[in-house]
Amino acid sequence: MNWVFLALAGAVEIGWSQSIKPTQNFTRPFPTALCFLLAAGAVYLLTLAMRTIPVGTAYAVFTGIGALGAITLGIIINRDPVTLLRISALALIVGGIVLARLASPAS
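Under this note's numbering, the letters of the sequence shown match residues 4 to 110, in that order.
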């Protein structure tokens, strides 16, 4: 169940990463409130995951999921460039997440 919390934390982190820009430097009240709510939700779910998942593993997977989602949404929504190096980076992040999961003690 803690890996489910970790996956959810990563998903919320993706939403949080996308909520930062609309705050316009934290000058817009509703987007700013949403941004802080998503950040708190992501960290809360991460703490639930850390009940049995080692801190280093949980945080690395959490940030990896966030980076993967942020880059992917940047490509899809913001039309960020798609290059061989960016795709290679995404593949390495996915590989790192999978390896961290396989190397983690059973929970």
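Just so you know, even glycine gets a beta-carbon here, dropped at the ideal spot from N, CA and C.
**Reduced DSSP secondary structure (H/G/I, E/B, other) of T30** = Coil, per DSSP.
**Message:** Once the 5 residues before and after G69 are set aside, which same chain residues still bring their CB inside 7 angstroms of it?
**Reply:** For G69, where only same-chain residues beyond five positions count, the Cβ hits under 7 angstroms are G13, E16, I17 and S20.
**Request:** Have a look at L88 and R54 and give me their C-alpha separation to the nearest angstrom.
**Result:** Straight across, the Cα-Cα distance linking L88 with R54 is about 36 angstroms.
**Prompt:** Are the beta-carbon atoms belonging to I48 and F8 less than 7 angstroms from one another?
**Reply:** Note that residue 48 corresponds to Leu in the displayed sequence, not to Ile. If you check the CB distance, L48 and F8 come in under 7 angstroms.
**Request:** Mark L95 as exposed unless 16 or more other C-beta atoms lie within 10 angstroms of its C-beta, in which case mark it buried.
**Result:** Exposed, by the Cβ-count rule.
**Request:** Sort W6, K24 and M4 by Cα distance to G77 and report the nearest one.
**Result:** Closest in alpha carbon position to G77, among W6, K24 and M4, is K24.
**Request:** Could you work out which residue in A92, V46 and T35 is closest to A61 when comparing CA atoms only?
**Result:** Closest in C-alpha terms to A61, from the list A92, V46 and T35, comes V46.
**Asked** Which of helix, strand or coil does DSSP assign to S107?
**Response** Coil at S107, not helix or strand.
**Request:** Compute the beta-carbon to beta-carbon distance between R104 and V58, rounded to the nearest angstrom, for a pair I have assumed lies under 8 angstroms.
**Result:** That pair is no contact at about 15 angstroms.
**Prompt:** With L102 and L71 assumed to form a contact (beta carbons below 8 angstroms), what rounded beta-carbon distance in angstroms separates them?
**Reply:** With 8 angstroms as the limit, L102 and L71 do not qualify as a contact, their Cβ atoms being about 14 angstroms apart.
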